[in-house]
Amino acid sequence: MTEASTTLRVRYAETDRMGVAYYGNYFTWFEVGRVELLRQMGFRYRDMEEQDNSYIVVAEARCQYRRPARFDDRLRIVTRVVESRSRSIRFAYEIYNEETGELLATGETTHVVCDANGRPRALPEKYRKYFPLTNAPASDTRP
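In this note's numbering, the protein residues as written are 1046 to 1188.
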């Protein structure tokens, strides 16, 4: 299973009046983890778009919130590829408070590979080594 980890700090602008991170930011943090995973795998998502007319478009997203992230917390985002098919990729995420080790949230996103016009297409051959085809049951892949 392909996995990467990255860290970030919760910014003041990402919190509400009580210093708690706004729930929608978790999806932004998932994206940060996903882009970093691709970079650590050896390519940039931007190159996929610009050079290969391939976009991995979010088709489904979910997040389970366990504990709140707060202003100035240092977060560790763990991102994994858990399923890959010819036209779709599923990622799983875990967000931890880096200082306490507490698991704050888990989530998944499912992406469809599309061209610039939004039409589904097969993942280009050169990326298949990064996303070997799988058919793992969901119960085996959830964080």
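C-beta: ideal position from N, C-alpha, C; glycine also.
DSSP, reduced to helix, strand and coil, places Tyr1175 outside both helices and strands of the structure shown, so it counts as coil.
Per DSSP, reduced to three states, the secondary structure at Leu1149 is strand. The beta carbon of Phe1176 lies closer than 7 Å to those of Val1126, Ser1129, Ile1134, Leu1168 in the same chain, with the five residues before and after it left out. For Val1123, the closest alpha carbon among the candidates Asp1097, Tyr1100, Gly1064, Glu1081 is that of Glu1081. Here DSSP, grouped into helix, strand and coil, assigns Leu1168 to coil. Residue state for Arg1084 is assigned as helix, using DSSP reduced to three classes. In the three-state DSSP reduction, Glu1105 falls in the strand class (E or B). Contact between the segment 1108 to 1118 and the segment 1066 to 1076 is present: three or more C-beta pairs spanning the two stretches fall below 8 Å.
Straight-line measurement puts the Cα of Arg1164 at about 19 Å from the Cα of Asp1092.
At a Cβ-Cβ threshold of 8 Å, Glu1143 and Thr1060 do not count as neighbours. By the C-beta density criterion, Gly1078 is buried, having at least 16 other C-beta atoms within 10 angstroms.
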